[in-house]
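Novice: Numbering (this note's numbering), first residue to last: 3 to 650. By construction, the Cβ of each residue, glycine as well, lies at the ideal position given by its N, Cα and C atoms.
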């Protein structure tokens with residue numbers, strides 16, 4: 003590749019590293035020299051006093067990973083423009099999150115969202131959710147770390163393994179040292195770098211091709227422009243229903259039931275400001291999706307007659323964007339450095355957000371509840387040090403797992419959505435059963451989640467083993483250099499068919515990537531399920547089995563504190579006249595519960611209606627009864643005290 007890094011490129015690239023690192027150092031020194039010693043809550047939750055703007059930008063950054071920047075252009079190039087509709091599924095996701103999940107969890111004053119599951123169900127459910135989330139984040143961060151390593155390998159010549167180590171070490175340093183405050187402000191800085199980089203790449207790239215109108219024309223002639231495929235089959239890779247409905251459920255697993263996002267909502271002092279941050283992030287996220295999709299069309303227009311993969315110039319489709327930058331735009335000083343800064347920023351922002359959420363989940367949901375069994379209490383200083391240590395250990399583990407991504411097939415975008423759907427779906431089901439289904443008991447919720455996780459893992463593993471067909475659109479090589487084609491044709495395998503009759507230059511047309519030896523009839527058809535529907539299937543299976551098992555084990559016994567159940571009837575009937583509300587008994591149950599301050603009772607205990615409802619200690623002796631606060635919200639310190647006496 004002719005273009006190489008110049009001094010300006012290295013300056014741009016190094017500036018991102020320096021600024022990100024300095025933000026972490028600043029908050030580390032601020033903590034060290036502060037008037038009071040930082041607690042684990044300060045490190046992991048930002049003291050719950052973060053401003054709206056950096057939280058909004060961090061929400062965008064959490065969605066905007068290097069996978070998004072690298073994988074979405076590849077999606078547009080290989081499969082067409084349909085994926086752009088995923089941006090509009092946010093019009094359903096954000097209101098549902100803003101008015102249902104966000105205020106519900108914010109008013110509980112939690113540190114970890116999975117603490118709620120212990121209060122609503124039992125401690126085993128909390129362990130299960132924390133373990134699933136930890137596994138999900140480790141796999142996700144490994145893929146996010148691997149993706150920019152590909153880009154750096156393609157652009158700078160740095161080895162793939164060296165790239166993984168350099169990215170992983172930098173992000174682990176400032177996340178573990180600076181805490182959530184450093185993460186939020188570096189996310190803000192990195193968001194602007196990514197958006198600026200994408201705008202620069204699109205502007206210069208499209209101008210070299212004759213403008214955006216010419217890009218659109220070339221993409222249309224190449225059958226890349228398609229938005230509205232209303233095929234109802236869930237086995238078609240991308241359809242309108244999968245991209246809107248399936249992605250709505252998939253995004254809800256992130257925005258409504260993922261500690262990474264919930265942690266950001268709760269780092270702001272009040273509900274209204276958290277809602278404002280979420281709505282500010284919506285147009286920014288839609289802008290980001292528009293930019294990465296448009297960059298994919300620009301890349302296709304540049305290589306419409308000479309596919310780089312078939313021409314032997316790249317080794318994987320996910321190298322399309324970095325190859326385009328260096329081969330087409332590399333002669334413009336600063337563009338390679340801007341691109342690497344863009345990719346590096348996207349990787350840093352996502353990994354730091356997830357690493358911080360992983361630390362808080364492991365500490366709050368796995369370590370501290372276990373120590374409670376042993377009657378061991380951690381000091382404030384020990385908790386703070388342990389939070390930093392968990393960040394370091396998590397970063398090192400992610401670096402190790404990133405090496406395994408080298409052996410995974412298909413595109414990084416599909417891998418990311420598959421991982422999030424496989425783990426996020428059962429977690430969303432747990433919260434749905436807890437918030438909206440008072441009849442579901444702890445056994446039903448826990449076993450239903452396990453069954454849903456096993457089934458979706460079986461589907462994903464089957465699709466990977468049998469290599470379900472991917473409907474790639476045709477690619478051309480008639481515009482490539484003839485000498486290069488002759489050398490590279492020997493490297494083409496069974497997925498390519500050579501046609502010498504069309505022109506004097508050989509043209510390579512891609513067939514569907516299908517293993518014709520596999521009989522897709524019978525149960526194997528489930529392996530062709532679109533990755534967009536994985537979260538929906540996981541949620542549905544978990545909820546159905548949760549209800550059935552709760553019914554088989556006698557439903558839930560006892561009353562539930564109104565704070566632990568979302569008031570569906572109150573919300574649905576709020577616009578009805580008062581006399582109709584009385585007829586339908588809307589609001590009455592919730593008003594009674596709020597006035598009486600009724601609390602959660604364990605599934606194992608029953609009671610008379612006249613006996614106050616309480617949370618029993620582990621011994622369940624009547625002498626050791628602990629009442630939750632009657633207030634509509636509880637602060638963090640009170641909640642921690644409550645958990646120590648809650649039902650196991």
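Give the straight-line distance between the Cα atoms of residue 354 and residue 207, rounded to the nearest whole angstrom.
Specialist: What you label residue 354 is simply residue 352 of the chain shown in a count that begins at 1. What you label residue 207 is simply residue 205 of the chain shown in a count that begins at 1. Each residue's Cα considered, the two are about 31 Å apart.
Novice: Looking at residue 454 and residue 545, is the spacing between their C-beta atoms short of 9 Å?
Specialist: For the purposes of this step, residue 545 is identified with residue 543 of the chain shown, where counting begins at 1. For the purposes of this step, residue 454 is identified with residue 452 of the chain shown, where counting begins at 1. Yes, Cβ-Cβ distance for residue 545 and residue 454 is below 9 Å.
Novice: With 16 other CB atoms within 10 Å as the buried threshold, where does residue 378 fall?
Specialist: As a working note, residue 378 is residue 376 in the chain shown. Answer is exposed; the Cβ neighbour count stays below 16.
Novice: Please report the Cβ distance between residue 352 and residue 228, rounded to the nearest whole angstrom; I am assuming they are in contact, meaning their Cβ atoms lie under 8 Å.
Specialist: For the purposes of this step, residue 352 is identified with residue 350 of the chain shown, where counting begins at 1. For the purposes of this step, residue 228 is identified with residue 226 of the chain shown, where counting begins at 1. At roughly 29 Å, the Cβ-Cβ gap does not stay under 8 Å, so residue 352 and residue 228 are not in contact.
Novice: Going straight from the alpha carbon of residue 140 to that of residue 70, what length do you get?
Specialist: As a working note, residue 140 is residue 138 in the chain shown. As a working note, residue 70 is residue 68 in the chain shown. Taking the straight line from one Cα to the other gives about 17 Å.
Novice: In this structure, how does DSSP classify residue 32 when only helix, strand and coil are distinguished?
Specialist: As a first step, residue 32 must be located in the chain shown, where it is residue number 30. Of the three classes helix, strand and coil, the one that applies to residue 32 here is helix, per DSSP.
Novice: Considering residue 245, what are the terminal residues of the alpha helix (DSSP H) in which it resides?
Specialist: Locating residue 245 in the chain shown gives position 243, counting from the first residue. Taken as a continuous stretch (DSSP letters only), residue 245 belongs to no alpha helix (DSSP H), as it is neither H nor E.
Novice: If residue 323 sits next to residue 301, beta carbons under 8 Å apart, how far is it from one beta carbon to the other, in whole angstroms?
Specialist: Along the chain shown, one-based indexing puts residue 323 at 321. Along the chain shown, one-based indexing puts residue 301 at 299. The Cβ separation is near 6 Å, so the contact holds.
Novice: In three-state terms, what does DSSP make of residue 308?
Specialist: Here residue 308 refers to the residue found at position 306 of the chain shown. It is coil, neither helix nor strand.
Novice: Could I get the ranges of all uninterrupted alpha helix (DSSP H) runs contained in the stretch 264 to 312, with 4 residues as the minimum, in chain order?
Specialist: Fully enclosed alpha helix (DSSP H) runs of 4 or longer: 273 to 304.
Novice: Just the Cα atoms here: how many angstroms apart are residue 358 and residue 565?
Specialist: Within the chain shown, residue 358 is the residue found at index 356, counting from 1. Within the chain shown, residue 565 is the residue found at index 563, counting from 1. Taking the straight line from one Cα to the other gives about 27 Å.
Novice: Go through its chain and collect everything with a Cβ distance to residue 76's Cβ below 6 Å, but skip five positions before and after it.
Specialist: Stepping through the chain shown from its first residue, residue 76 is reached at position 74. Closer than 6 Å at the Cβ level, and outside the excluded window around residue 76, lie 319, 320, 322, 413.
Novice: Below 8 Å on the Cβ atoms is my contact criterion, and I expect residue 194 with residue 21 to pass it. Report the Cβ-Cβ distance as a whole number of Å.
Specialist: One-based indexing of the chain shown puts residue 194 at position 192. One-based indexing of the chain shown puts residue 21 at position 19. About 11 Å separates the two Cβ atoms, so there is no contact after all.
Novice: Are three or more beta carbon pairs between the stretch 83 to 94 and the stretch 284 to 295 nearer than 8 Å?
Specialist: Yes: at least three Cβ pairs fall under 8 Å.
Novice: Given 8 Å as the limit, is there contact between the stretch 523 to 536 and the stretch 236 to 247, that is, 3 or more CB pairs closer than that?
Specialist: These segments touch.
Novice: Could you spell out where the alpha helix (DSSP H) holding residue 370 opens and where it closes?
Specialist: Locating residue 370 in the chain shown gives position 368, where the first residue counts as 1. Residue 370 -> alpha helix (DSSP H) spans 370 to 375.
Novice: Do the stretch 439 to 456 and the stretch 115 to 131 meet, that is, are 3 or more Cβ pairs less than 8 Å apart?
Specialist: A contact exists between the stretch 439 to 456 and the stretch 115 to 131.
Novice: Assign residue 169 to one of two classes, buried (16 or more other C-beta atoms within 10 Å of its C-beta) or exposed (fewer than that).
Specialist: Reading the chain shown from its first residue, position 167 is the one you call residue 169. That one is buried.
Novice: Under a three-way DSSP split, which group does residue 56 fall into?
Specialist: Taking the first residue of the chain shown as 1, we reach residue 56 at position 54. Helix at residue 56.
Novice: Would residue 332 be called buried (16 or more neighbouring beta carbons within 10 Å of its own) or exposed?
Specialist: Walking along the chain shown from the start, residue 332 turns up at place 330. Per the 10 Å Cβ criterion, buried.
Novice: Since residue 349 and residue 61 are thought to touch, with beta carbons under 8 Å apart, how far apart are those beta carbons, to the nearest angstrom?
Specialist: Locating residue 349 in the chain shown gives position 347, where the first residue counts as 1. Locating residue 61 in the chain shown gives position 59, where the first residue counts as 1. Not confirmed; about 17 Å, so no contact.
Novice: Around the Cβ of residue 433, are there at least 16 other Cβ atoms within 10 angstroms (buried) or fewer (exposed)?
Specialist: Against the chain shown, residue 433 aligns to sequence position 431. Buried: at least 16 other Cβ atoms inside 10 Å.
Novice: Using DSSP with H/G/I as helix, E/B as strand and the rest coil, what is residue 335?
Specialist: Within the chain shown, the letter at position 333 stands for residue 335. The answer is coil: DSSP assigns residue 335 none of H, G, I, E or B.
Novice: Measure how close the beta-carbons of residue 199 and residue 341 come, nearest whole angstrom, since I'm counting them as under 8 Å.
Specialist: Mapped onto the chain shown, residue 199 falls at position 197. Mapped onto the chain shown, residue 341 falls at position 339. So it is a contact: roughly 6 Å between Cβ atoms.
Novice: Can you have a look at residue 2 and say buried or exposed, based on whether 16 or more other CB atoms are within 10 angstroms of its CB?
Specialist: Lying before the first or after the last residue shown, residue 2 is absent from the chain, which here runs from 3 to 650.
Novice: Taking its Cβ as the centre, do 16 or more other Cβ atoms sit within 10 Å of residue 209, making it buried, or is it exposed?
Specialist: On the chain shown, residue 209 is found 207 positions in, with the first residue counted as 1. With fewer than 16 Cβ atoms within 10 Å of its Cβ, residue 209 is classed as exposed.
Novice: For the pair the stretch 248 to 264 and the stretch 93 to 101, tell me if three or more CB-CB distances fall below 8 Å.
Specialist: Touching, yes.
Novice: At 4 residues or longer, what runs of the alpha helix (DSSP H) sit wholly inside the stretch 429 to 461?
Specialist: You should have found no qualifying run.
Novice: In chain order, what residues of the same chain have a beta carbon less than 7 Å from the beta carbon of residue 204, not counting five sequence neighbours either side?
Specialist: As a working note, residue 204 is residue 202 in the chain shown. The answer, listed in chain order, is 293, 296, 297, 300.
Novice: Cβ of residue 540 within 9 Å of Cβ of residue 428?
Specialist: Within the chain shown, the letter at position 538 stands for residue 540. Within the chain shown, the letter at position 426 stands for residue 428. Cβ atoms of residue 540 and residue 428: closer than 9 Å.
Novice: Report the option in 263, 78, 345 whose CA atom is closest to the CA atom of residue 14.
Specialist: Stepping through the chain shown from its first residue, residue 14 is reached at position 12. Looking at the Cα atoms, 345 is the closest of the given residues.
Novice: Quick check: the stretch 360 to 378 against the stretch 390 to 407, are there 3 or more CB pairs under 8 Å?
Specialist: Contact between the stretch 360 to 378 and the stretch 390 to 407 is present, because at least three Cβ pairs lie under 8 Å.
Novice: Which whole-angstrom value describes the C-beta separation of residue 562 and residue 440, a residue pair presumed to lie in contact below a C-beta threshold of 8 Å?
Specialist: Taking the chain shown and counting its residues from 1, the one referred to as residue 562 is at position 560. Taking the chain shown and counting its residues from 1, the one referred to as residue 440 is at position 438. Indeed, because the Cβ distance is near 5 Å, the residues count as touching under 8 Å.
Novice: If you run the structure through DSSP and keep just helix, strand and coil, what is residue 259?
Specialist: Taking the first residue of the chain shown as 1, we reach residue 259 at position 257. In this structure, residue 259 counts as coil in the three-state DSSP scheme.
Novice: Residue 81 lies in the alpha helix (DSSP H); which residues open and close that run?
Specialist: Within the chain shown, the letter at position 79 stands for residue 81. From DSSP, the alpha helix (DSSP H) with residue 81 extends over 68 to 81.
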